[in-house]
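Novice:
Residue numbers (our numbering): 19 to 626.
Dropping the structure here:
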């Protein structure tokens, strides 16, 4: 074979298609990388089918074989063996006939500050995988299906530090009219052009027709060869399997258009089979890539002179300017929200600033908080702070739900990671946790800037008021304070605490929040009985009730305990009011009358 760089100059190269799709057709199940150990003969057979179909480049079956991804399925102990074996099987199939490129994909979880994977963990995962693949050196590396440019840069840098072998760098794009109109593929290609890689391009997510405009934009700004690896159209889910029904003939005809647009390497991704590659090879054999335009600067594309900016909430505008009161109302099971709406209306009349609605707290089934928040704001005329959990939504659904909430007039969000599903009503339900509360703050900040996490414009600055939680009684206080600082840096506007019961802890929380530059809503929970006090103190993480309060609750007559709990809360509120900026009341069972009784102690001060 010619050196890879020389072969690139001679015309179009074919690369293979999907490994997992063909293994699935053979009756195997995910994770498909494990087939290198459990079904090596089938992996070799798939490689040979692609070679026989005309592919000049095959990829190792190692796309998902990094430590982070393998840990999600419990196979991380096989990392070294998986990557080494994937190279051996590809070499066995290739012989001296075709090039073998080592495949590496993203780590599989969003990186910080959006997700929970630190940069150094991702870097270590890429380095470990590349090292294993280099034990039997490939002809090059293909880094593919990266959507996060930050993670992509890390992966490319790590591989370049470890080897001089050629690198093919493929980003995936979610193509739509806005993405193309704003020139996102151009901007990405212009950056990738500076990475000193052999080939740049795009793979996965879209079919060959939709990939055409992406390739055209990349060709306009890059001198490098372009690779295009589309899917065969859009997938469908049938009997638990992802299926595609695009014919090889249609796929090949549109891949020829990609070559005519300037692609030098052509192949396929998820859903593409040897039959598709055979049809492509027959059409593009001997074809020269389309003429490349003179590379210049990225085009200036027409964008709106001003982006619409939505109004900020009254609660958000009053932060740091006046003392505010938030009251959390519990949601009942089912559809009857009468008690919640009655309580919200009464609290508005008492001068409360905002109503808090939780999002499946303790993993209990309750109505979607978006619906409840909308009902309260529409029927009671008081703003809502909607708690928003990362437990039940992936990164796509998080952004979709936030946009939906904002469209319904909800513009105050308390970002929480959420309790695991295993402790709630449905312990076998899946907890998602694509990101945590810090990542959610970052998502909200990006929406406030008018873009989503993929860098696409959403056409408006959402102007959410972003609240975050802080536990000043945490057992690992240093880590808790560090997380608060990171939340502030990510874009938070206000802090809510867990229920606090003593002035000293409140003063400490105020001081910490002052250091990070955020106003504080102090959590206050009126106790209703000695059992309630003991439960909260001993069984609820983050709650510490001083001995003297628990002793008073224990000594109180049963019919007087609730009144004592209200009196203790009133005393605390009166004492902390002069040096705090807000109060976050959590009355038991969402009893609005208890909240009203507590805030009476500062009603006159609020009115003045």
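By construction, the Cβ of each residue, glycine as well, lies at the ideal position given by its N, Cα and C atoms.
By the 10 Å Cβ neighbour count, where 16 or more other Cβ atoms means buried, how is residue 458 classified, buried or exposed?
Specialist: Answer is buried; the Cβ neighbour count reaches 16.
Novice: Is DSSP giving residue 560 helix, strand or coil here?
Specialist: DSSP places residue 560 in coil when its eight states are reduced to three.
Novice: Examine the Cβ distances between the segment 279 to 288 and the segment 36 to 45 and report whether three or more of them are shorter than 8 Å.
Specialist: Verdict: yes, contact present.
Novice: Do the segment 502 to 514 and the segment 534 to 541 meet, that is, are 3 or more Cβ pairs less than 8 Å apart?
Specialist: Yes: the two stretches touch, three or more of their Cβ pairs being nearer than 8 Å.
Novice: Decide yes or no for the touch test of the segment 414 to 424 against the segment 348 to 365: beta carbon pairs closer than 8 Å, at least 3 of them.
Specialist: Touching, no.
Novice: For the segment 520 to 527 against the segment 458 to 477, are there 3 or more C-beta pairs whose distance is under 8 Å?
Specialist: With a cut-off of 8 Å, the segment 458 to 477 and the segment 520 to 527 do not count as touching, because too few Cβ pairs lie within range.
Novice: I need the straight-line Cα distance from residue 268 to residue 381, nearest angstrom please.
Specialist: So the alpha carbons of these two residues sit roughly 48 Å apart.
Novice: I need the straight-line Cα distance from residue 226 to residue 213, nearest angstrom please.
Specialist: Rounded to the nearest angstrom, the two C-alpha atoms are 26 Å apart.
Novice: Which two residues bound the contiguous alpha helix (DSSP H) that contains residue 416?
Specialist: That run of the alpha helix (DSSP H) goes 413 to 425.
Novice: Within the present structure, is the beta-carbon of residue 409 separated from the nearest heavy atom of the ligand NAD by less than 7 Å?
Specialist: Among the components modelled here there is no ligand, and therefore nothing to report on the ligand NAD.
Novice: In chain order, what residues of the same chain have a beta carbon less than 8 Å from the beta carbon of residue 562, not counting five sequence neighbours either side?
Specialist: 491, 519, 523 and 555.
Novice: Is there contact here, the segment 599 to 615 with the segment 345 to 355, by at least three beta-carbon pairs under 8 Å?
Specialist: In short, these stretches touch, since the Cβ pair count reaches three.
Novice: Go through its chain and collect everything with a Cβ distance to residue 572's Cβ below 6 Å, but skip five positions before and after it.
Specialist: Excluding residues within five positions, the ones whose Cβ falls inside 6 Å are 548.
Novice: So residue 572 is in the alpha helix (DSSP H); what residue range does that whole segment cover?
Specialist: Where residue 572 is concerned, the enclosing alpha helix (DSSP H) stretches over 565 to 573.
Novice: Return helix, strand or coil for residue 57, following the three-state DSSP convention.
Specialist: Of the three classes helix, strand and coil, the one that applies to residue 57 here is coil, per DSSP.
Novice: What are the boundary residues of the alpha helix (DSSP H) that residue 101 is part of?
Specialist: It spans 97 to 112 - the alpha helix (DSSP H) in which residue 101 sits, taken as one unbroken run.
Novice: Going by beta-carbon coordinates alone, are residue 236 and residue 203 separated by less than 8 Å?
Specialist: The answer is yes: Cβ separation under 8 Å.
Novice: Taking the C-alpha atoms as reference points, what is the distance between residue 322 and residue 477?
Specialist: Note that residue 322 scores 48 on pLDDT, short of 50, meaning its location in the model is unreliable; the coordinates nonetheless yield the value given after this. Going from the Cα of residue 322 to the Cα of residue 477 covers about 9 Å.
Novice: Report the three-state DSSP secondary structure of residue 161 (helix, strand or coil).
Specialist: Of the three classes helix, strand and coil, the one that applies to residue 161 here is strand, per DSSP.
Novice: Using a 10 Å radius around the Cβ and a threshold of 16 neighbouring Cβ atoms, would you call residue 189 buried or exposed?
Specialist: Result: buried.
Novice: Less than 8 Å separating the beta-carbons of residue 12 and residue 159?
Specialist: Any answer about residue 12 is impossible in this case: the structure gives the chain only from 19 up to 626.
Novice: Could you check what DSSP says for residue 370 in three-state terms: helix, strand or coil?
Specialist: In the structure shown, residue 370 sits in coil (DSSP, three-state: anything other than H, G, I, E or B).
Novice: Which same chain residues, not among the five before or five after residue 99, have their C-beta less than 7 Å away from its C-beta?
Specialist: 55.
Novice: What is the DSSP secondary structure of residue 221, reduced to helix, strand or coil?
Specialist: Three-state DSSP puts residue 221 in a strand.
Novice: Taking Cβ to Cβ, would you say residue 487 is nearer than 8 Å to residue 434?
Specialist: Contact flag set, yes.
Novice: Just to confirm before moving on: does the CB-CB distance between residue 53 and residue 60 stay below 8 Å?
Specialist: Cβ atoms of residue 53 and residue 60: closer than 8 Å.
Novice: Return helix, strand or coil for residue 125, following the three-state DSSP convention.
Specialist: Three-state result, residue 125: coil.
Novice: Would you grab the beta carbon distance between residue 338 and residue 599 for me? Rounded to a whole angstrom, and I think it's under 8 Å.
Specialist: Yes, they are in contact, since the Cβ atoms of residue 338 and residue 599 sit about 6 Å apart, within 8 Å.
Novice: Only counting the same chain, and skipping five residues up and downstream in sequence, which positions put a Cβ closer than 7 Å to that of residue 129?
Specialist: The residues are 135, 137, 140, 166, 168 and 169.
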